[in-house]
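Asker: Pasting in a structure now, in structure tokens, and then I'll have a few things to ask.
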Amino acid sequence: MANVNRQGPMPFRRRDESASSFPNASRRGPVPIRRNVEDFDDPYLPSESYRGTVICRECHAVNQNERWSLDERIYQEAVKAADAHYIVCPACQKLHDRQPGGIVTLSSDFIPEHRDEILNLIRNEDVRARHVNPLERVMEIQEDGSQMVVTTTNEKLAQRLGRAVGRAYGGHVHYHWTSDSKQARVWWTR
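This note's numbering numbers the first residue of the sequence shown as 35 and each following residue consecutively.
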């Protein structure tokens, strides 16, 4: 009797996409990415772009030419600008309203032993994300024994934290996006 593959034929794989090109590719698989994020409006982002220089009065983030920055040098120059407007940026508004864009839940007996390492990893990813987009921030970290819950101001940082913890410590990462709003839930277990 012939050996029948019940899952169907193997997918075509180009030579440069061999399994050796992707370490642990069969074990981890692709990271899910939400493709239709633009379809959802974030109520904290303005419907129209800002005109001139906009400065957050709380965190000193500066918006110039539709780009947010947390550079102190840019802030000092922006304060002197004649067209500077002061607002509370979307990230600070989410922090005040306690309205997370992402929730990352880490569950494992591994957490209490490696608490400091995990917190450093989260802080490092937070700093990296702020350099790219100052509106991406860790809001709060709650700890309860073998569980840690991290809330973020947007869904991309939550996905990034889940991926970083999964890469650093192994385990299983699960992603879920809500269908009616721009929010992600990420679960990591080991």
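All C-beta atoms in this analysis are idealised placements derived from N, C-alpha and C, irrespective of residue type, glycine included.
Is N188 near L169, with beta carbons less than 9 Å apart?
Answerer: As a working mapping, residue 188 is identified with position 154 in the sequence shown. As a working mapping, residue 169 is identified with position 135 in the sequence shown. In contact: N188 and L169 (Cβ atoms closer than 9 Å).
Asker: Here's a check: name, in chain order, each residue in its chain whose Cβ is nearer than 8 Å to the Cβ of C93, leaving out the five neighbours to either side.
Answerer: On the sequence shown, position 59 is the one that residue 93 refers to. Contacts found: L104, C123, A125, C126, P168.
Asker: Just list the residues that DSSP pairs C123 with in beta bridges.
Answerer: On the sequence shown, position 89 is the one that residue 123 refers to. In DSSP, C123 forms no bridge with anything.
Asker: Ignoring anything shorter than 3 residues or poking outside the region 144-199, list the beta strand (DSSP E) runs there in chain order.
Answerer: With a minimum length of 3 residues, the continuous beta strand (DSSP E) runs that stay inside the region 144-199 are 172-178, 181-186.
Asker: Is the beta carbon of V184 less than 9 Å from the beta carbon of I137?
Answerer: In the sequence shown, the residue the question calls residue 184 occupies position 150. In the sequence shown, the residue the question calls residue 137 occupies position 103. Contact: yes.
Asker: Which residue comes first and which comes last in the alpha helix (DSSP H) that contains Q133?
Answerer: Here the question's residue 133 lines up with position 99 in the sequence shown. Element bounds for Q133: n/a, residue is neither H nor E.
Asker: In the DSSP output, which residue or residues are listed as bridge partners for A218?
Answerer: Counted from its first residue, the sequence shown places residue 218 at position 184. The partner list for A218 (beta bridge, DSSP) reads G136, W211.
Asker: Tell me the rounded alpha-carbon separation between N158 and L129.
Answerer: Counting from one through the sequence shown, the residue named residue 158 turns up at place 124. Counting from one through the sequence shown, the residue named residue 129 turns up at place 95. Distance between the alpha carbons of N158 and L129 is about 19 Å.
Asker: Taking only the alpha-carbon atoms, compute the straight-line gap between A115 and Q181 and give it to the nearest angstrom.
Answerer: By one-based count along the sequence shown, residue 115 stands at place 81. By one-based count along the sequence shown, residue 181 stands at place 147. The alpha-carbon atoms of A115 and Q181 are separated by roughly 47 Å.
Asker: Going by alpha carbons, who is nearest to A172 out of Q217, Y78, P134, R91?
Answerer: Along the sequence shown, read from residue 1 onward, the residue named residue 172 stands at position 138. Residue 172 is actually Val in this sequence, not Ala. Among Q217, Y78, P134, R91, the Cα nearest to that of V172 belongs to P134.
Asker: Quick check: the Cα distance between H208 and D160, rounded to an integer number of angstroms?
Answerer: Translated into positions along the sequence shown, residue 208 becomes position 174. Translated into positions along the sequence shown, residue 160 becomes position 126. H208 and D160: Cα-Cα distance of roughly 20 Å.
Asker: Closer than 6 Å by C-beta to A192: which residues in its own chain qualify, once you throw out the five before and the five after it? Chain order, please.
Answerer: What you label residue 192 is simply residue 158 of the sequence shown in a count that begins at 1. These residues qualify, in order along the chain: G136, V138, T186, A218, V220.
Asker: Let me check one thing: in DSSP terms, what residues is V96 bridge-paired to?
Answerer: Reading the sequence shown from its first residue, position 62 is the one you call residue 96. Note: V96 sits in a beta bridge opposite I89, S103.
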